[in-house]
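Sequential numbering of the sequence shown, starting at 206, is according to our numbering. Working notes, structure below.
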Amino acid sequence: MREEATAFVPGHVTGFFSTHPDEDPTKAGSRGAGLTLTDGVEVTIEPATESTIVLDGEEIEVDPVTTVLETLDASARVEADSDLPIGAGFGVSGALTLGTALAVNRVFERKLSMNELVTIAHGAEVQAGTGLGDVVAQAHGGVPIRLEPGGPQDNKLDAIPTRARIEYVSFGELSTADVLSGDTDQLTAAGKEALSRVVEEPTLLSFMYASRLFARDAELLTERVIETIADVSAAEGQASMAMLGETVFALGTGLSDAGYEPSVCTTHPAGAVLK
Numbered sequence: 206m207r208e209e210a211t212a213f214v215p216g217h218v219t220g221f222f223s224t225h226p227d228e229d230p231t232k233a234g235s236r237g238a239g240l241t242l243t244d245g246v247e248v249t250i251e252p253a254t255e256s257t258i259v260l261d262g263e264e265i266e267v268d269p270v271t272t273v274l275e276t277l278d279a280s281a282r283v284e285a286d287s288d289l290p291i292g293a294g295f296g297v298s299g300a301l302t303l304g305t306a307l308a309v310n311r312v313f314e315r316k317l318s319m320n321e322l323v324t325i326a327h328g329a330e331v332q333a334g335t336g337l338g339d340v341v342a343q344a345h346g347g348v349p350i351r352l353e354p355g356g357p358q359d360n361k362l363d364a365i366p367t368r369a370r371i372e373y374v375s376f377g378e379l380s381t382a383d384v385l386s387g388d389t390d391q392l393t394a395a396g397k398e399a400l401s402r403v404v405e406e407p408t409l410l411s412f413m414y415a416s417r418l419f420a421r422d423a424e425l426l427t428e429r430v431i432e433t434i435a436d437v438s439a440a441e442g443q444a445s446m447a448m449l450g451e452t453v454f455a456l457g458t459g460l461s462d463a464g465y466e467p468s469v470c471t472t473h474p475a476g477a478v479l480k
């Protein structure tokens, strides 16, 4: 057993998605596309007599992280530092969960493969209602396109082969669990249409356009987000809404050009890694 291990998991901004439930949480999930970010979450695991989860110095409860610890039969202190706000559409819960799985596997020498760990983390997220596609995207990195739902044994991933500067501003939280527990028929129809568009033309501009249409057609836009996207568009930039949060992300200098003071990062070239 090691004294500790640390994993870095990129943030993930979903542009659009469709929901695909299944009785088996490792097979359930979403189709869609998003951006992984160099801003992310660093998770450090060390053995402890009682499991605790600490994010940015504050003890919290994160159901999927607890599930991962129980699944891997590990009692540990989970200490995480995040560049990103929680509950605002950046996949922080997924990052915490996947980072925990990777670091626990090393510390407690569970000898599981990457796909096995991603499957455990993905299933825990789905079960908790905190995410449907973040974990598999964060394990992949880049600009992943989720063509089929579920964990690695079931899903199918592609990607837009590019890197880009990304700006973002966040105005607040939206509850992923509340949206996913409601009627998702309209959302899923909009997500399928958006995915078809990006598969036909896998470029960042196509992704941004499809994301904006999805946010409108799925009726997820808030007044503040609508106003911000319009400001970026008026400055001849490309922006859309992060799913699911009251957050706007833009390519290049879109938000800066529109007069905002955004956080700045780039798309992450690789997936989650042990440090």
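Where is the CB? At the ideal position from N, CA and C, for every residue including glycine.
Neighbourhood of residue i by C-beta distance below 6 Å, restricted to the same chain and skipping five residues each side
| i | result |
| --- | --- |
| S468 | Y373 |
| C470 | L242, T243, D244 and I371 |
For residue j and residue i, believed in contact at Cβ under 8 Å, the rounded distance
| i | j | result |
| --- | --- | --- |
| G304 | V246 | 6 Å |
| A210 | R311 | 4 Å |
| G346 | A293 | Not really, about 21 Å apart at Cβ, beyond 8 Å. |
| G442 | A463 | 6 Å |
Through-space distance from residue j to residue i, alpha-carbon basis
| i | j | result |
| --- | --- | --- |
| E208 | G234 | 34 Å |
| S445 | A212 | 29 Å |
| P357 | H217 | 17 Å |
| F222 | E432 | 23 Å |
| S497 | A253 | Residue 497 lies beyond the stretch modelled for the chain, which goes from 206 to 480, so this question has no answer here. |
| T452 | D288 | 15 Å |
| A214 | F295 | A small fix is needed here, since residue 214 is Val in this sequence, not Ala. Between V214 and F295, the C-alpha separation is close to 11 Å. |
| G262 | M413 | 35 Å |
| L479 | M319 | 11 Å |
| A344 | L301 | 12 Å |
| A399 | D388 | 19 Å |
| E406 | V348 | 14 Å |
| I291 | V297 | 6 Å |
| G299 | V404 | 25 Å |
| L317 | L307 | 9 Å |
| L274 | L410 | 40 Å |
| R417 | P474 | 24 Å |
| D390 | R421 | 14 Å |
| D339 | A326 | 10 Å |
| T472 | G239 | 10 Å |
| E286 | N360 | For clarity, residue 286 is Asp in the given sequence; the question names Glu instead. Near 29 Å, if we compare the C-alpha coordinates of N360 and D286. |
Sheet register partners of residue i (DSSP bridge)
| i | result |
| --- | --- |
| D286 | E247 |
| F313 | Answer is none; F313 lacks a bridge partner. |
| E451 | G377 |
| V469 | E372 |
| S223 | R236 |
| I350 | A238 and D363 |
| S445 | F454 |
| A210 | I250 |
| A435 | DSSP output for A435 lists no bridge partner at all. |
| L479 | A212 |
| I258 | V283 |
| E263 | L260 |
| H217 | T241 |
Distance CB(residue i)-CB(residue j) smaller than 9 Å
| i | j | result |
| --- | --- | --- |
| E251 | E284 | yes |
| T249 | A329 | no |
| I350 | L337 | no |
| T241 | G476 | yes |
| H225 | T393 | yes |
| R370 | G457 | yes |
| A455 | T219 | no |
| D227 | Q332 | no |
| L449 | S380 | yes |
| F313 | L277 | yes |
| L425 | V384 | yes |
Close Cβ partners of residue i (< 7 Å) along its chain, the five nearest in sequence each way excluded
| i | result |
| --- | --- |
| S461 | E372 and P467 |
| T324 | T231, G356, P357 and Q358 |
| R429 | F376 and E451 |
| T408 | I365 |
| V270 | I258, V283, L301, T302 and T305 |
| P354 | H225, A233, G234, S235, R236 and N360 |
Other residues of its chain near residue i: CB distance less than 8 Å, five sequence neighbours each side excluded
| i | result |
| --- | --- |
| G396 | F221, F222, S223, T224, S235, R236, G237, F419 and A423 |
| I265 | I258 and V259 |
| G459 | E372, V437, A440, G442, Q443 and A444 |
| M206 | P252, V312, F313 and E314 |
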